Amino acid sequence: MFVCLGNHCRSPLAHGYFQHLLKKHGLEDEIEVDSSGTSGWHLGERPDSRVCHVAEKHGFSLRHIRGQKISRNDLESFELILVMDRSNLRDVLALDPHHQYADKIRLLRPFDTESTQDEVPDPYYSGIFEEVYTIVSRACDALLVYLTDSHQTSESD
Ligand code: 4NP
């Protein structure tokens, strides 16, 4: 599950891009993908029109995504909770006061080992949607390699 503040820009972009990537590799039935926000500001809404436009430009759609707010249950249900910035990390960790799920709550961007930064910037006010696409797509490409590698390792154990 990808998580940002609003589930309106960054996490829907990661959600749609990662599904697109899984489809390309024939893995769409193997890995469940979802997204949410730490706030409920955009509950039930479609993603921001600017991020929908960037996704369409790169060959995938965010039309099926509706805003939702992360819940404690999500921490149990999902294998990885991938947040966009340190503020999201704080907010999600606050849902886990007994640190039961701390190992699965991680920043997304460090999966891209070539990045020297660990946050995905919020494009809502700055409008840097194309830059955010580049950051998110690189991190998601690296995430898929990580997931397929760790799956192979656990299969051969
Ligand atoms: P997101 O961006 O966390 O990437 O979805 C934002 C979307 C909406 C708002 C802030 C950030 N907002 O203030 O409504």
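In terms of my numbering, the sequence shown has 113 at position 121, counting the first letter as 1, and numbering is strictly consecutive. Cβ coordinates follow ideal geometry from the N, Cα and C atoms, glycine included. Please read all numbers here as calculations on a predicted model, not as lab measurements.
- The Cβ neighbour count for Leu35, taken over all protein chains shown within 10 Å, is under 16; the residue is labelled exposed.
- A distance below 7 Å between beta-carbons, with the five flanking residues on each side excluded, links Pro4 to the following residues of its chain, in chain order: Ser27, Pro39, Val43, Leu54, Ile57.
- Annotation for Phe10: the continuous alpha helix (DSSP H) segment containing it runs 2 to 16.
- Annotation for Ala134: Phe103, Asp104, Thr105 place their beta carbon closer than 7 Å to its own, counting only its chain and skipping 5 residues before and after.
- DSSP, reduced to helix, strand and coil, places Leu19 outside both helices and strands of the structure shown, so it counts as coil.
- Of all alpha-carbon atoms in Thr140, Lys16, Cys1, Tyr93, the one lying nearest the alpha-carbon of Ser31 is that of Cys1.
- Considered as a whole, the region 30 to 83 harbours 41 to 49, 64 to 69 as its complete alpha helix (DSSP H) runs of no fewer than 4 residues, in chain order.
- Scanning its chain for C-beta atoms nearer than 8 Å, with the 5 sequence neighbours on each side dropped, one finds around Val128 the residues Arg2, Leu5, Ala6, Tyr9, Leu100, Val112, in chain order.
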